[in-house]
RNA sequence: GGGCCCGUAGCUCAGCGGCCAGAGCAGUGGACUUUUAAUCCAUCGGUCCUCGGUUCGAAUCCGAGCGGGCCCA
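In our numbering, the protein residues as written are -14 to 474.
So this is what it looks like as structure tokens:
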């Protein structure tokens, strides 16, 4: 782009001229106050002009030059402060010609209030501490192009307060979740990302290769099987917040890498976990918003316990009139799906079809947090069966705003049952179901040594941030979402 | 998977068959010592996403592709 090229050339020339005066990229800078603190000490000193002197640093976001004086806006991590430069006090005033929007300055001076009322630094000395070579987005409209916001997030963060707010909220939410589990005596652990078998969930893994070992490895798709090994090892409460990878499409709902929380608590069951999840969401909401009741646009959301509770069978029956127990075969269920215009792939299993019915007719209706208990065994190869019902497992999922937030089981710890179900999944994979679980012999050997009864939980952290912040797209809560190649350049 | 919308200057956008593609901001030059979307004058800046087609003539119409967004089952 010739025009952009010209803008960069002009700035490169200014950089050269600055280099002749002083290094415009110094390693060390002075700073006595942030912008916010500078405003604060001025007020604390009684709002008297020139009573306090500060040195502040930050990025120039606006310039209003009037011949022999100039006002610049300086922004740092705390906020914004105005600077006043005067030719009669600054021998190097003319060097302001070398300053562009986007450059970083270090400035010293006394603080005063202008006649229009703005607290401002009367600059007595200044220097460039970073010369920028490319122009920033426009000051008034900012950066609105969604694609550019995702591909060049740094520009989005410079231009859009909301993006900064979401990023900060994410940090608060993740740290609140961590604090919640630490407070309850859970041990935070880290388990392998590179694995021999990518198990613990139904998803296609990414494959990679270890050269020295000359062996293919997979990026993990869940945290489950290693955390359970730690239960075998004797830790009673463990959790991990980690990145997992699923080799699926990219959209506003899916990113190939996302952040998962999983926790396991020995001697607890899924009802204990449900109670804990209610507390957890309430805690996180209070940390982020100061309250469990908040709204996103029209939607009033309450994360105050207790949440609504229903069952898988009951919810599907209520919203569709379908009693899935009457359709025990794949063919019968496929016919039901067809009659409701739910598209079903040719090779789809009974469980997959059932899941399609749930996601189509039930999940989108669950706006307030709602627990769905007791899933079909066929959907849940790692959960313990109900005592009185072979076909149902002790599992719940929590939904809110129409999507899944949490997934929990009374964990299957009968090694014989676990082996049978893993081998059944394995057989499905051999038949071509690429999302079926693979048998992990090492894991099976581990639980054959005895894994205590336990309640396990998984929460998609990105979804949780969406829920708390009311963001529609996953790409708004992931700083650097995966994007397709643009194909040019 | 289906439908709709968008892609024009660094940024935000207009132009929707007809002189040479425009505006604001940013940039450059000038005026201006309390401005704050500063103001005023002048000026530079384009692969109109890509490829193909229709036409005397295409940013504009048609087709395909690429990228992005929204909606639906």
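For each residue, glycine too, the CB sits at the ideal point set by N, CA and C. Small disclaimer: the values here were computed from a predicted structure and weren't measured.
Identity of the residue in the options nearest residue i by Cα
| i | options | result |
| --- | --- | --- |
| residue 394 | 404, 111, 383, 401 | 383 |
| residue 327 | 212, 344, 314, 311 | 344 |
| residue 258 | 80, 89, 90, 356 | 356 |
| residue 332 | 413, 398, 277, 275 | 413 |
| residue 368 | 398, 349, 350 | 398 |
| residue 449 | 385, 216, 408 | 385 |
| residue 141 | 124, 163, 156 | 124 |
| residue 303 | 121, 348, 0 | 348 |
| residue 475 | 318, 364, 387, 325 | With the chain running from -14 to 474 in the structure shown, residue 475 is simply not present. |
| residue 186 | 209, 166, 179 | 209 |
| residue 305 | 324, 315, 288 | 324 |
| residue 242 | 463, 13, -7 | 463 |
| residue 80 | 6, 69, 105 | 6 |
| residue 200 | 400, 180, 289, 211 | 180 |
C-alpha distance - residue i paired with residue j, whole-angstrom precision
| i | j | result |
| --- | --- | --- |
| residue 360 | residue 366 | 11 Å |
| residue 146 | residue 195 | 43 Å |
| residue 110 | residue 40 | 9 Å |
| residue 454 | residue 447 | 10 Å |
| residue 205 | residue 11 | 43 Å |
| residue 149 | residue 133 | 16 Å |
| residue 102 | residue 389 | 50 Å |
| residue 465 | residue 163 | 22 Å |
| residue 245 | residue 442 | 10 Å |
| residue 364 | residue 128 | 44 Å |
| residue 467 | residue 278 | 33 Å |
| residue 144 | residue 114 | 21 Å |
| residue 312 | residue 396 | 27 Å |
| residue 478 | residue 168 | Absent from the structure is residue 478, since the part of the chain shown begins at -14 and ends at 474. |
| residue 334 | residue 247 | 27 Å |
| residue 358 | residue 352 | 17 Å |
| residue -1 | residue 28 | 37 Å |
| residue 295 | residue 182 | 34 Å |
| residue 24 | residue 94 | 13 Å |
| residue 172 | residue 415 | 37 Å |
| residue 4 | residue 105 | 28 Å |
| residue 136 | residue 471 | 10 Å |
| residue 409 | residue 271 | 44 Å |
Backbone secondary structure at residue i - three-state DSSP
| i | result |
| --- | --- |
| residue 53 | coil |
| residue -5 | helix |
| residue 128 | coil |
| residue 230 | strand |
| residue 9 | coil |
| residue 4 | helix |
| residue 353 | coil |
| residue 272 | helix |
| residue 244 | strand |
| residue 15 | coil |
| residue 458 | coil |
| residue 102 | coil |
| residue 453 | helix |
| residue 137 | coil |
| residue 40 | strand |
| residue 110 | strand |
| residue 194 | strand |
| residue 471 | coil |
| residue 360 | strand |
| residue 267 | helix |
| residue 292 | coil |
| residue 392 | strand |
Residues near residue i in its chain [Cβ-Cβ closer than 8 Å; skip 5 each side]
| i | result |
| --- | --- |
| residue 73 | 53 |
| residue 175 | 225, 227 |
| residue 20 | 41, 43, 59, 60, 61, 63, 64, 65, 66 |
| residue 284 | 352, 386, 455 |
| residue 371 | 359, 377, 378, 379 |
Any non-hydrogen atom of the ligand FMN closer than 7 Å to residue i Cβ
| i | result |
| --- | --- |
| residue 305 | As for the ligand FMN, it is missing from this structure, which has no ligand bound. |
Beta-carbon proximity list for residue i, same chain, < 6 Å, skipping 5 on both sides
| i | result |
| --- | --- |
| residue 193 | 202 |
| residue 117 | 87, 88 |
| residue 191 | 204, 230, 232 |
| residue 32 | none |
| residue 122 | 128, 140, 144 |
| residue 71 | 54 |
Other residues of its chain near residue i: CB distance less than 7 Å, five sequence neighbours each side excluded
| i | result |
| --- | --- |
| residue 404 | 429 |
| residue 436 | 213, 216, 217, 398 |
(message) Within 8 Å, do at least three Cβ pairs link the stretch 420 to 428 to the stretch 371 to 388?
(response) no
(message) With three or more C-beta pairs closer than 8 Å as the rule, is the stretch 76 to 95 touching the stretch 38 to 54?
(response) yes
(request) Take every Cβ of the stretch 154 to 165, pair it with every Cβ of the stretch 370 to 379, and state whether three or more of those distances are shorter than 8 Å. (result) no
(message) I want to know whether the stretch 27 to 41 touches the stretch 1 to 18 - three or more CB-CB distances under 8 Å.
(response) yes
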